[in-house]
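Asks:
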Amino acid sequence: MHEERWPTAQQGPVAVIVVDHGSRRAEANQRHEAFVRSIADRSPYDIVEPAHMELAEPSITTAFDVCVGAGAGVVVVSPFFLWPGDHWDRDIPRLSADAARGHPGVTYLVAAPLGAHPILGELAMLRIGHCLEHATGRAPECELCAGSGRCGFRSGGPV
2 MHEERWPTAQ
12 QGPVAVIVVD
22 HGSRRAEANQ
32 RHEAFVRSIA
42 DRSPYDIVEP
52 AHMELAEPSI
62 TTAFDVCVGA
72 GAGVVVVSPF
82 FLWPGDHWDR
92 DIPRLSADAA
102 RGHPGVTYLV
112 AAPLGAHPIL
122 GELAMLRIGH
132 CLEHATGRAP
142 ECELCAGSGR
152 CGFRSGGPV
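Numbering-wise (my numbering), the sequence shown opens with residue 2 and increments by one.
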C-alpha cells in the first residue's frame with residue numbers, strides 16, 4: 002500500500018511557482034512576471050516566483066532553485082493555464098521533476114490548472130463589460146489594450 006507523505010513544518014516554508022507557457026514576445030513574459038510579483042504581496046506563502054514553461058527565463062528550474070535558495074522545503078508548481086492538456090499532463094510534471102532532482106529532501110506538487118472556477122466566469126464578464134464600456138466611450142482603455150486600438154467595434158463583411 003502506498004503511504005501518503007504530507008509536507009510538515011520541519012521541511013520549511015511552502016513556495017509557489019506560477020508558471021505560464023512562455024512567449025517569444027518579451028512583453029508577454031514581462032506581464033506574467035509582473036502579475037506574479039503583484040500577487041505575491043497578497044499571498045499566504047512567503048515565497049512566490051514566476052516561471053515560464055518554455056521559450057523564456059526564468060524557467061521552472063530557475064524558479065525552483067530560487068525557491069529552495071530562499072528556504073522552501075515544499076514547492077507548489079501552479080500552472081497558469083485554463084484547462085488540462087499536454088503541458089499539465091506531461092510537460093510541467095517532467096520539468097518539475099527535473100528541477101527537483103537537484104534538491105533532495107524538497108517535496109513538490111504540480112497543482113491543477115485554473116479550470117472552470119466560478120470566479121473566472123465573473124472575471125470574464127467584468128472584462129467584457131469593461132470592453133463594451135470602453136468601445137462606447139464610457140470607460141478608458143484597459144491596461145492590455147492601451148494604445149493598441151484593438152478594443153473597438155468592427156463591422157462584418159469583406160476584409
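For every residue, glycine included, the Cβ atom is placed at its ideal position computed from N, Cα and C. Computed from a prediction, not measured in an experiment: that's the story for all the values here.
Got a sec, what are the start and stop residues for the alpha helix (DSSP H) ALA16 sits in?
Replies: Not the alpha helix (DSSP H): ALA16 falls in the beta strand (DSSP E), residues 15 to 21.
Asks: Are the CB atoms of VAL75 and GLN31 nearer to each other than 7 Å?
Replies: Against a cut-off of 7 Å, the Cβ pair of GLN31 and VAL75 comes out as no contact.
Asks: Would you list the residues sitting across from ILE48 in a DSSP beta bridge?
Replies: Partner(s): ALA16.
Asks: Using a Cβ-Cβ cutoff of less than 7 Å, which residues in the same chain neighbour ALA100 once the five nearest sequence positions on both sides are dropped?
Replies: Taken in chain order, the residues that qualify are ILE61, THR62, PHE65.
Asks: Just to confirm, are VAL37 and PRO51 a CB contact at a threshold of 7 Å?
Replies: Taking 7 Å as the Cβ cut-off, VAL37 and PRO51 qualify as a contacting pair.
Asks: On the criterion of 16 or more Cβ atoms from any shown chain inside 10 Å, does PRO141 qualify as buried, or is it exposed?
Replies: Exposed.
Asks: May I ask which residues mark the beginning and end of the beta strand (DSSP E) holding LEU124?
Replies: That residue, LEU124, is in no beta strand (DSSP E); its alpha helix (DSSP H) goes 119 to 136.
Asks: Going by the C-beta, is PRO105 closer than 6 Å to any heavy atom of the ligand GDP?
Replies: Ligands displayed in this structure: none; no statement on the ligand GDP is therefore possible.
Asks: Between PRO59 and PRO114, which are expected to be in contact by the criterion C-beta below 8 Å, what is the C-beta distance as a whole number of angstroms?
Replies: So it is not a contact: roughly 20 Å between Cβ atoms.
Asks: Specify the secondary structure class of PRO80 as computed by DSSP and reduced to three states.
Replies: Three-state result, PRO80: strand.
Asks: Between which two residues does the beta strand (DSSP E) carrying VAL111 extend?
Replies: First-last of the beta strand (DSSP E) with VAL111: 108 to 111.
Asks: For the alpha helix (DSSP H) containing CYS68, list its first residue and its last residue.
Replies: Looking at the DSSP string, the run of the alpha helix (DSSP H) that includes CYS68 is 61 to 70.
Asks: Mind checking GLU5: buried by the 16 CB within 10 Å criterion, or exposed?
Replies: In this predicted model, GLU5 has a pLDDT of only 46, less than 50, meaning its place in the structure is not dependable; the value taken from the coordinates is given anyway. Classification for GLU5: exposed.
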